[in-house]
């Protein structure tokens with residue numbers, strides 16, 4: 001009697017037969033569930049990983065960038081594409097707002113994905129198989145994956161990571177043989193056709209004898225755009241949901257806010273440099289909610305990116 | 001100052017009554033805000049309408065979460081704690097001035113937090129995982145509210161001390177108060193955990209601390225986030241026993257067992273928060289399995305015990321009232337027109353069949369992989385917190401209006417329908433969300449067409465159907481909540497005064513007569529129902545594991 005003190009002798013009252021039965025059934029069920037989880041580690045193939053390394057967002061994005069530079073075989077919509085060797089280590093990074101790289105995996109092989117975040121928490125959500133893992137900044141989470149079906153997969157982000165969260169979507173392609181690559185448009189020419197960006201990397205291949213030419217700068221700029229993830233917000237197809245699109249941007253007059261005051265600027269070399277080095281200084285009107293973070297670009301890279309933006313002037 | 005209730009005969013401390021009323025009023029205000037936001041959110045995720053901008057969508061997800069899961073529920077629970085420790089025990093409130101202080105702190109926190117969210121200074125979701133950062137005043141608001149609530153919990157224990165001194169109860173306190181004490185103990189642990197994580201986060205947002213580790217934050221935050229839901233469960237189950245008592249004069253068929261189950265909650269539930277970290281880096285499988293099995297399952301066991309004890313208390317009483325034919329006459333002839341009773345039974349069913357089954361399955365280390373952060377997770381807790389706790393609180397309010405606010409219920413005819421509407425609305429909403437989540441749809445996601453992304457993804461076409469069901473369920477539940485709020489507000493502020501037992505619209509049953517049970521079983525109908533529940537659980541269990549086994553290999 002829930003509002004009154006229980007009747008005399010309540011503590012000694014025998015438990016009814018049916019209640020006893022139910023409690024026993026429940027308890028056995030609980031034990032079974034416990035054992036089941038343990039057994040799945042022995043006989044099952046799907047268990048969260050036990051391997052994590054401490055890292056920092058800076059260190060991991062450096063590892064990731066080096067990995068991409070070394071292994072990239074092409075670009076898909078601004079996302080670098082990598083075809084890792086089975087059982088190799090893959091550096092897979094989430095940042096606001098993209099997953100990088102896009103992967104080509106072989107069906108039935110194991111891969112060691114090192115997953116981490118450059119900024120906030122992200123959620124690695126592989127569809128349509130629907131496998132979901134939490135991605136932290138500062139933790140290198142090593143997940144060993146074995147794709148069991150060939151096909152095209154997408155990686156959604158299912159942990160809120162800011163206003164562009166819904167645009168964060170990556171791609172994994174699982175093939176049975178190299179023939180399949182054509183189906184996805186991933187039959188890129190030889191790997192060496194992609195020039196390495198920056199000044200500190202390998203020399204250009206035989207086909208590009210004049211590395212300092214304008215053409216090479218544009219190519220290198222596009223690569224910086226891909227590697228650094230500018231593409232996550234700045235599109236080149238005219239869509240501008242999170243940030244101004246780059247096509248037709250150079251030479252345009254833009255309304256920006258500086259110290260709360262609205263002024264007009266012309267997008268030229270100096271303005272692009274300023275926007276990269278101190279992005280919070282002038283914020284384009286209409287994009288106040290998605291202020292750009294600082295990306296560490298050296299002078300050479302800034303020059304190349306500027307060349308790339310320039311090349312899109314009339315597109 | 002006491003008044004003696006002319007309906008129940010309880011002595012009611014007028015100062016306690018005032019505090020109970022005010023806490024309940026703020027609970028209703030919070031709920032109103034939460035459900036308005038909920039409707040806008042449903043119509044944003046329902047892609048053909050896609051109502052809000054992404055900015056406002058995430059802002060209102062935060063607002064809805066904080067108001068529905070924290071403010072509405074904690075305000076109501078503080079009212080419940082004061083009720084259980086003063087009115088039920090016929091004693092005075094230990095320190096009314098501190099009661100006021102607690103209320104002022106909570107209201108200040110409530111207002112500050114909501115202002116910061118709506119001003120766009122805290123688009124961080126209820127979980128506010130670092131390094132996502134909100135304005136310091138947002139964290140301050142939560143801290144003020146938590147300190148106020150903590151003070152309320154301490155006052156509850158103060159009341160219990162007075163009750164002991166005055167020998168207000170014999171051997172042990174009534175089961176309702178015992179259950180509320182369970183809630184209070186868990187609340188204490190929870191709120192302290194909250195302080196442990198919100199205070200450094202507050203300092204970090206001020207720039208006084210350099211870094212709050214994301215892993216540490218999430219681990220400790222769930223000590224608050226999950227355990228606080230266990231306060232709800234304990235309070236809800238206490239009200240279920242109360243409802244059985246008020247509606248049919250039922251009492252637990254074995255109080256020792258019911259109390260044992262409450263103790264299990266206290267001892268084991270807090271560690272179960274580990275199931276929020278099952279797919280996270282940094283924690284070993286051994287840690288995950290240990291914390292989510294031995295701890296969680298003994299708490300699950302407690303819920304299973306209540307799942308038998310609550311309906312069997314109704315069945316046993318009904319049988320003693322003479323509804324003894326067959327297995328289910330007791331259920332058919334139950335007082336279904338009493339909205340408090342129907343709320344409680346429906347809450348019990350929804351909590352078990354929707355929230356309970358999915359909770360256990362999603363909380364296993366491996367099956368969590370196929371639901372983590374999908375919309376199935378909010379689907380699950382719509383089944384626990386909304387159908388379970390919220391509907392229960394709504395139901396018991398139909399008794400609080402005449403007994404505590406001393407007003408007649410205006411629109412009793414509407415009230416009889418309201419629990420059913422709410423139940424079907426949320427059930428539809430919740431089940432659709434669970435199915436959508438199983439098909440991969442993420443939670444807290446503005447645009448399922450991924451506009452602006454480098455790629456796109458088309459979900460299984462079946463999702464269109466479930467989005468529609470979800471929208472319909474959400475709308476139905478919104479209307480049901482609105483009806484409830486209107487009934488409560490109109491009754492409390494404009495309803496005719498209750499002047500005596502003749503104005504009591506809902507019956508308060510006498511204690512069911514003593515009687516010998518016939519046959520071997522005390523509650524055979526309940527046993528059948530619980531076995532049906534078990535069968536449902538096992539079916540869902542194997543479906544989920546089957547799906548998991550079809551995914552990629554991972555270790």
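Chains as they are written, first to last, in my numbering: chain A, 1 to 315; chain B, 1 to 555.
Yeah, the Cβ is synthetic: ideal placement off N, Cα and C, and Gly gets one too.
Using C-beta distances below 7 angstroms, list every residue in its chain close to residue i, excluding the 5 sequence neighbours before and after it, in chain order.
i: residue 311/A; result: 218
i: residue 101/B; result: 151
i: residue 300/B; result: 360
i: residue 107/B; result: 26
i: residue 203/A; result: A caution first: residue 203/A carries a pLDDT of 44, below 50, which makes its placement in the model too unreliable to give a value.
Chain A partners of residue i, CB-CB under 9 angstroms?
i: residue 195/B; result: Ordered by position in chain A, no residue passes the 9 angstroms Cβ test against residue 195/B, which lies about 22 angstroms from the chain.
i: residue 446/B; result: 163, 165, 166
i: residue 214/B; result: 117, 120, 121, 136, 137, 138, 139
Apply the 10 Å Cβ neighbour rule to residue i and answer buried if 16 or more other Cβ atoms are within range, or exposed otherwise.
i: residue 505/B; result: exposed
i: residue 308/B; result: buried
i: residue 20/A; result: exposed
i: residue 11/A; result: exposed
i: residue 132/A; result: buried
i: residue 320/B; result: buried
i: residue 17/A; result: exposed
i: residue 196/B; result: exposed
i: residue 118/A; result: buried
i: residue 266/A; result: exposed
Take residue i and list the residues in its own chain whose beta-carbon comes closer than 6 angstroms to its own, dropping the five residues that flank it on each side.
i: residue 401/B; result: 407, 409, 491
i: residue 425/B; result: 473, 476, 477, 480
i: residue 71/A; result: 82
i: residue 19/B; result: 82, 99
i: residue 304/B; result: none
i: residue 312/B; result: 253, 523, 526
i: residue 133/B; result: 205
i: residue 33/B; result: 67
Can you pull the chain B residues whose beta carbon is under 7 angstroms from the beta carbon of residue i, in chain order?
i: residue 10/A; result: 255, 256
i: residue 40/A; result: 366
i: residue 236/A; result: Per Cβ cutoff of 7 angstroms: no residues; residue 236/A is ~11 angstroms from chain B at best.
Less than 8 angstroms between C-beta atoms, sequence neighbours within five positions excluded: which residues of the same chain meet that for residue i?
i: residue 370/B; result: 438, 544, 547, 548, 551
i: residue 306/B; result: 237, 240, 258, 261
i: residue 203/B; result: 209
i: residue 365/B; result: 278, 285, 288, 289, 292
i: residue 276/B; result: 218, 222, 225, 226
Name the one or two DSSP bridge partners that residue i has.
i: residue 263/A; result: 256/A
i: residue 93/A; result: 100/A, 116/A
i: residue 166/B; result: None; residue 166/B has no bridge partner.
i: residue 46/A; result: 554/B
i: residue 313/A; result: Beta-bridge pairing links residue 313/A to no other residue.
i: residue 72/A; result: 82/A
i: residue 283/A; result: 257/A
i: residue 140/A; result: 53/A
i: residue 153/A; result: 172/A
i: residue 133/A; result: 124/A
Determine the chain A residues that contact residue i at a beta-carbon separation under 7 angstroms, and present them in chain order.
i: residue 520/B; result: 17
i: residue 548/B; result: 46
Under 9 angstroms between beta-carbons, which chain B residues line up against residue i? List them in chain order, please.
i: residue 98/A; result: 453, 454
i: residue 226/A; result: Neighbours of residue 226/A on chain B: none; closest Cβ ~10 angstroms, over 9 angstroms.
i: residue 231/A; result: 454
So residue i contacts chain B; which residues on that side make the cut at Cβ distance below 8 angstroms?
i: residue 13/A; result: 254, 255, 256
**Asked** For the segment 138-160 of chain A, which residues have a beta carbon sitting closer than 7 angstroms to at least one beta carbon of chain B?
**Response** Result list: 138, 139, 141, 143, 144, 145, 146, 147, 148, 154, 156, 158, 159, 160.
**Request:** With 7 angstroms as the limit, tell me which residues of the segment 74-95 of chain A have their beta carbon closer than that to any beta carbon of chain B; keep them in chain order.
**Result:** 77, 78, 79
**Request:** Compile a chain-ordered list of the residues in the segment 433-444 of chain B whose CB is closer than 8 angstroms to at least one CB of chain A.
**Result:** 438, 439, 440, 442, 443, 444
**Contact list for the segment 121-138 of chain B against chain A, Cβ threshold 7 angstroms** = 125, 129, 131, 132
**Request:** Taking a Cβ distance cut-off of 9 angstroms, strictly less, list which residues of the segment 276-289 of chain B are near chain A, in chain order.
**Result:** Residues of the segment 276-289 of chain B that bring their beta carbon within less than 9 angstroms of a beta carbon in chain A comprise 277, 278, 279, 280, 281, 282, 283, 284, 285, 286, 288, 289, in sequence order.
**Residues of the segment 267-283 of chain A with Cβ closer than 9 angstroms to any Cβ of chain B, in chain order** = none
**Item:** Chain-ordered residues of the segment 293-311 of chain A with a beta carbon less than 9 angstroms from chain B
**Value:** none
**Item:** Chain-ordered residues of the segment 313-329 of chain B with a beta carbon less than 7 angstroms from chain A
**Value:** none
**Message:** Which residues of the segment 6-28 of chain B have a Cβ closer than 7 angstroms to any Cβ of chain A? Give them in chain order.
**Reply:** none
**Item:** Contact residues within the segment 53-73 of chain A, judged by C-beta distance below 7 angstroms to chain B
**Value:** none
**Asked** Using a beta-carbon distance cut-off of less than 7 angstroms, what residues from the segment 50-72 of chain B approach chain A?
**Response** So the close ones are 54, 55, 58.
**Request:** Pull out every residue of the segment 166-183 of chain A whose Cβ sits closer than 8 angstroms to any Cβ of chain B, in chain order.
**Result:** 166, 167, 168, 169, 170, 171
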